[in-house]
Structures are given as structure tokens and as C-alpha cells.
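To convert, count from 1 in the sequence shown and add 91; that's this note's numbering. Beta carbons are placed, not taken as given, at the ideal position from N, Cα and C, and that holds for glycine. No experiment lies behind these values; they were computed from the predicted model shown.
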Amino acid sequence: MGSVWVGERVRLRGVEPEDWEEFKRFDQDSEVQRNADMVHVARSDAGYVRWAEEQSLRKPENDEFQLAIEALENDTLVGALSTNGTSRRAGRFSFGIAIGRNFHRRGYASDALVILLRFMFAERRYHKAEAGIYGYNQASIALHESLGFTHEGILRDHEFLDGAYQDMVLMGITAEEFSARHMRR
92 MGSVWVGERV
102 RLRGVEPEDW
112 EEFKRFDQDS
122 EVQRNADMVH
132 VARSDAGYVR
142 WAEEQSLRKP
152 ENDEFQLAIE
162 ALENDTLVGA
172 LSTNGTSRRA
182 GRFSFGIAIG
192 RNFHRRGYAS
202 DALVILLRFM
212 FAERRYHKAE
222 AGIYGYNQAS
232 IALHESLGFT
242 HEGILRDHEF
252 LDGAYQDMVL
262 MGITAEEFSA
272 RHMRR
């Protein structure tokens, strides 16, 4: 039996100190930053080194963690994902994912999310995953739809990015919905 952290195209792994240069490269792409979260203030190489070192030593708390996404074909770091807003009591969690521009449209995000969702549902007993996606990010909305997520609402003019207020599209999938589409038998 293989690792729960390996899919068809990618492996999820902890952030390593030597990953700092790739994360710096991702952060230098403002579109990738906006789609994932927001544009952050530029930081020094030493700042990236320190951040990567801190991430590599950070222990998950309350099932909240960040993982690197590595392509299986060449062991290249292609992006990252994280869990947040976890609630064991309510049985739900949120997550974020970012893939570097040079690695878009290769199935990496889809594979990484299937790995993450399978882990959170089958190993941690969460009931529901939630995603908040900026309304202009049609590629991410389509990705989530393809995985079986349901549109649950829109928060209008919710975040200020790139000089304008942006809508936040709320999407979710339950463990049962995910299992029906993606669980290995």
C-alpha cells in the first residue's frame, strides 16, 4: 500500500528550508498571489529563508497545516496548499491552494486537492470542506466544480484586491459527496 500523500501526479510534503527560492518565485507573480490570497509586501531573501525554516519546523495545530505540492515526474515544487478554519466540533474545514503559473493546467491542483480531501475526510473524520474563491478566478471555480463542489453562495464586494472590491464565491463538498466521486475502493 502506498502513501496517502501521493496521488497520480503529485506528492504532498512538508515545506523544507531549501524551498525558499521557489516560494520567492511564486510570490513574485502578483496574479498567483491575488488568486491565492493577496499581494504581500516584498521581502528579502533572508526573510524567505527564515519563513521556509519556520514552516519546516512548524507542527500542525488543530489540523491546520501547510504542505508543499511536488510533481512526481521530476520532484519539482509546483505549489502549496494549506488548511485553515478547522472545527472538529462542527466537522468542517477550509483550505487554500496555489500553483505556480508555469505549472497551470497540468492536473496538479486537482490531484493535490483529492489527496488533501481524502486525508481530511477519511483520516480526520471531517464532514465538510469549504472554499472561498474570488469571483474573477474562473479557473479555480471550474476546478472545484469538477471535483464535485457545490456553489453555496456569494459574498458580494467582500475583499479589496487589485484596486476594486471583489466577490467571494463560497463552495463546499461533504465527505459523502466526495466519497461517491473520489474514494478508492
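Residue environment, residue i, which counts as buried when at least 16 other CB atoms sit within 10 Å
i: Leu148; result: exposed
i: Ala131; result: Note that residue 131 is His in the sequence shown here, rather than Ala. Burial call: exposed.
i: Glu113; result: buried
i: Ser231; result: buried
i: Gln146; result: buried
i: Arg209; result: buried
i: Gly198; result: exposed
i: Phe69; result: The structure shown does not extend to residue 69, since the chain is modelled only from 92 to 276, so the question has no answer here.
Residues bridged to residue i [DSSP beta-bridge criterion]
i: Ser185; result: Asn175 and Glu221
i: Phe251; result: Tyr256
i: Thr265; result: Lys219
Opening and closing residue of the alpha helix (DSSP H) in which residue i lies
i: Val140; result: Asp136 to Leu148
i: Ser94; result: Counting along the chain, Ser94 falls outside any alpha helix (DSSP H), and DSSP gives it neither H nor E.
i: Tyr199; result: Tyr199 to Arg209
i: Glu236; result: Gln229 to Leu238
Terminal residues of the beta strand (DSSP E) in which residue i lies
i: Gln119; result: First-last for Gln119: undefined, no H or E at that position.
i: His104; result: Residue identity differs from the one stated: residue 104 is Arg in this sequence, not His. Unbroken beta strand (DSSP E) run through Arg104: Val101 to Arg104.
i: Ala159; result: Gln157 to Ala162
Beta-carbon separation (whole angstroms), residue i vs residue j, contact threshold 8 Å
i: Phe194; j: Ser173; result: Rounded, the Cβ-Cβ distance is 17 Å, inconsistent with contact.
i: Arg100; j: Ala162; result: 7 Å
i: Phe212; j: Ser270; result: 7 Å
Legend entry - Stretch-stretch touch, CB-based, cutoff 8 Å, three pairs: the region 257-274 with the region 219-234: yes
Inset, instruction - Mind the definition here: the region 114-126 touches the region 180-187 only if three or more C-beta pairs lie below 8 Å; say whether that holds. - result: The region 114-126 is not in contact with the region 180-187.
Inset, instruction - Report yes or no: do the region 233-240 and the region 135-149 share at least 3 C-beta pairs separated by less than 8 Å? - result: no
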